[in-house]
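Asks:
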Amino acid sequence: MRALALLSLGVVLGLAPGAWAQDAPLAEPRSERLYVNTGVLLGSTRMVALGGAYVGIAEGTAGFASNLAALAHRSPQLDKDWDVGVTLSWLDVPLTSRLRRDLDNDGAPDEAPSSRQYLFGLLLQYKYFGLGTFLRNRTVSYRATAEDDSEDYIQVAVTQSALAGALAFGQDEFIVSLGIYSAQATLAYKKEEWRYGGTGLSLDLLFRPQARPYRVGISVRPQVVGDWQRKDEQEPVLAGRPIYAGLVAPATLSLGVSYRFGEGAHRYNRLSPAARRQLLADGALNVPEEEAPDAPAGNFLVSGQVDFISSAENAVALRSVATFSDPEPVGQTVLIQPHLGAEHDTWPGRVRTRLGIFVEPSSFEGQVPRPHLTGGFEVFLFRYWEDWAFSASFDLAKRYSNVGFSVGFWR
Numbered sequence: 257m258r259a260l261a262l263l264s265l266g267v268v269l270g271l272a273p274g275a276w277a278q279d280a281p282l283a284e285p286r287s288e289r290l291y292v293n294t295g296v297l298l299g300s301t302r303m304v305a306l307g308g309a310y311v312g313i314a315e316g317t318a319g320f321a322s323n324l325a326a327l328a329h330r331s332p333q334l335d336k337d338w339d340v341g342v343t344l345s346w347l348d349v350p351l352t353s354r355l356r357r358d359l360d361n362d363g364a365p366d367e368a369p370s371s372r373q374y375l376f377g378l379l380l381q382y383k384y385f386g387l388g389t390f391l392r393n394r395t396v397s398y399r400a401t402a403e404d405d406s407e408d409y410i411q412v413a414v415t416q417s418a419l420a421g422a423l424a425f426g427q428d429e430f431i432v433s434l435g436i437y438s439a440q441a442t443l444a445y446k447k448e449e450w451r452y453g454g455t456g457l458s459l460d461l462l463f464r465p466q467a468r469p470y471r472v473g474i475s476v477r478p479q480v481v482g483d484w485q486r487k488d489e490q491e492p493v494l495a496g497r498p499i500y501a502g503l504v505a506p507a508t509l510s511l512g513v514s515y516r517f518g519e520g521a522h523r524y525n526r527l528s529p530a531a532r533r534q535l536l537a538d539g540a541l542n543v544p545e546e547e548a549p550d551a552p553a554g555n556f557l558v559s560g561q562v563d564f565i566s567s568a569e570n571a572v573a574l575r576s577v578a579t580f581s582d583p584e585p586v587g588q589t590v591l592i593q594p595h596l597g598a599e600h601d602t603w604p605g606r607v608r609t610r611l612g613i614f615v616e617p618s619s620f621e622g623q624v625p626r627p628h629l630t631g632g633f634e635v636f637l638f639r640y641w642e643d644w645a646f647s648a649s650f651d652l653a654k655r656y657s658n659v660g661f662s663v664g665f666w667r
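At position 13 of the sequence shown (counting the first as 1) the number is 269 in this note's numbering, and the numbers step up by one without a gap.
#1: Do L379 and L344 have their CB atoms nearer than 7 Å?
#2: With 16 as the cutoff for other CB atoms within 10 Å, does A578 come out buried or exposed?
#3: Here's a check: name, in chain order, each residue in its chain whose Cβ is nearer than 6 Å to the Cβ of W346, leaving out the five neighbours to either side.
#4: If we count the other Cβ atoms within 10 Å of its Cβ and call it buried at 16 or more, is S649 buried or exposed?
#5: Whose C-alpha, out of E284, A305 and Y291, is nearest the C-alpha of S647?
#6: Which term fits D279, buried or exposed, when burial requires 16 or more other beta carbons within 10 angstroms of its beta carbon?
#7: When you compare the CB positions of D366 and R357, do they come within less than 7 Å of one another, or not?
#8: My output table needs one value for H522: the three-state DSSP class, helix, strand or coil.
#9: So, L461 versus A368, is the Cβ gap smaller than 7 Å?
#10: Exposed or buried, Q588, counting other C-beta atoms within 10 Å across all chains shown (16 or more means buried)?
#11: For Q561, does the three-state DSSP call read helix, strand or coil?
#12: Report the residue from P465, R575 and V513 whose alpha carbon sits nearest the alpha carbon of F430.
#13: Mind checking whether A568 and Y384 have CB atoms under 7 Å apart?
#14: Buried or exposed for G435, going by 16 or more other Cβ atoms inside 10 Å?
#15: Can the beta-carbon of P617 be found closer than 7 Å to that of P625?
#16: For the stretch 470 to 546, which segments carrying the alpha helix (DSSP H) assignment without a break, of at least 4 residues, lie completely within its bounds, in sequence order?
#17: Measure the CB-CB distance between D651 and T630 and report whether it falls below 7 Å.
#18: Within the continuous alpha helix (DSSP H) that includes A304, where are the two ends?
#19: From the DSSP output, which residues share a beta bridge with R452?
#20: If distances are taken between C-alpha atoms only, which option among H522, R667, E545 and R523 comes closest to R533?
#21: Touching or not, the stretch 515 to 527 and the stretch 470 to 487, by the rule of three or more beta carbon pairs under 8 Å?
#22: In whole angstroms, what is the alpha-carbon distance linking L511 and N658?
#23: Can you grab the Cα-Cα spacing for the pair A277 / D488, in whole Å?
#24: Considering only residues of the same chain and omitting the five flanking positions on each side of Q442, which have a CB-CB separation below 6 Å?
#25: Using beta-carbon positions only, say whether G316 and R667 come within less than 7 Å of one another.
#26: According to DSSP, F650 sits in a beta bridge with which residue or residues?
#27: Provide the residue(s) that pair with A325 in DSSP beta bridges, ordered along the chain.
#28: Are the CB atoms of G560 and A309 nearer to each other than 7 Å?
#29: Hey, is G520 close to the ligand NAD, as in C-beta under 6 Å from one of its heavy atoms?
#30: Please determine, among N542, L536 and L297, the residue with the shortest C-alpha to C-alpha distance to N361.
#31: Who does N393 pair with in a DSSP beta bridge?
#32: Measure the alpha-carbon distance for R655 versus L359 and round it to whole angstroms.
#33: When you compare only the Cα positions, how much space is there between Q440 and G453?
#34: Could you check the C-alpha separation between V562 and W338 for me, to the nearest Å?
#35: Suppose the cutoff is 7 Å on Cβ atoms and the five residues either side in sequence are ignored; what does the same chain contact list for F636 look like?
#36: Starting from Y310, follow the beta strand (DSSP E) in both directions and report where the run begins and ends.
Structure below.
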């Protein structure tokens, strides 16, 4: 009987190799991580038009993608305890062929047939508090094969977002924000998706002293590392290429300052009627006198900013998912990116014009920094519940161009 049992067991194991195969480990992706940071501007039309120099301004829904302290920064016209802000920006309307653009500044065209960018922001304020979220998305499509007439594409979508709260201290002079910052990437090919994602804590600050024509802002974005989120028994192979183990968004420290010029520039940081009323109700001392809503507050704004972008270990360019050659390492050194912008109230209460410059460093070794010229305008549209405005921006550089449009509130 014992011999018969052993023989039966041997037959079962010999006829069922699939049972062993199911326990075999799945293939693993490459060890490198996709580098999701980009030097080109991804933000509101006002931020882009000012050359990215927005950390030291930090106002409105256009501002908190750069400095989350804007969540508790009340408009000088606010006359109620609460406020709501919303913005929707459509970016990446190129002036030249997308195939010839160089998004990552590696010195060569990306040969990406299509791309798009958008920004959504929502802001809720109540007295000293602010709460909000923004979502910034960039999607690029690459050909899956080397043939120019191929209709097979690999779509790469990168999303950076935050959910944060902010609190204003004193006479709204010092604002602190703490938030959850996330970076995500999705690779899509033939109805299948490969996802990556990670989160970290952000800390943003704004100093806006009363009766002074300047502001100082600081923004700290954490390094975010996210692993590939494998679904069931998904293989780490995309269009015949191995995918990568994760993503990395480098840490960024941004320091900014803005300064108002012209008649009434000292009103740059004036209190809103709601803030002044609240301070009086709380028994605060030395509350500034109330001023007319249409009192001049300077008609010319200059803003400067410097970004320090950390290095990233074992990182490769995002477009590596669509290349057959060995990926090139990127982000191996600390990068410095300066910004400068100016805004003029060309027709007070109706039209603002903007101009800016910034220098985009390259995360690729041996590539020189790339200067950008930016600009744009904002036009008051109409008043319905709120004051609505339309704005546009442009960003021009070697091997790169971008036009953006936005609808939001006039502030």
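Cβ atoms here follow ideal geometry from the backbone N, Cα and C, with glycine treated the same way.
The model shown is predicted, which means the values in this text are computed figures rather than measured ones.
Replies: Based on what the coordinates show:
#1: no
#2: buried
#3: Y374 and F661
#4: buried
#5: A305
#6: The predicted model places D279 with a pLDDT of 45, which falls under 50 and marks its position as unreliable; any figure quoted below should be read in that light. It counts as exposed.
#7: yes
#8: helix
#9: no
#10: exposed
#11: strand
#12: P465
#13: no
#14: buried
#15: yes
#16: 529 to 537
#17: yes
#18: In the sequence as displayed, the identity of residue 304 is Val instead of Ala. It spans T301 to A305 - the alpha helix (DSSP H) in which V304 sits, taken as one unbroken run.
#19: A quick correction: the sequence has Tyr, not Arg, at residue 452. In DSSP, Y452 forms a bridge with A441 and W484.
#20: E545
#21: yes
#22: 25 Å
#23: Reliability fails at A277, whose pLDDT of 38 lies under 50, so the model's placement of it is uncertain and no value is given.
#24: Residue 442 is actually Thr in this sequence, not Gln. Hits under 6 Å: A413, E449 and R451.
#25: yes
#26: G631 and V659
#27: According to DSSP, which records beta bridges pairwise, A325 is partnered with nothing at all.
#28: yes
#29: Because no ligand of any kind appears in the structure shown, any question about the ligand NAD cannot be addressed here.
#30: L297
#31: Y374 and T415
#32: 8 Å
#33: 4 Å
#34: 33 Å
#35: G605, R606, D643, A645 and W666
#36: Per DSSP, Y310 belongs to no beta strand (DSSP E) and is neither H nor E.
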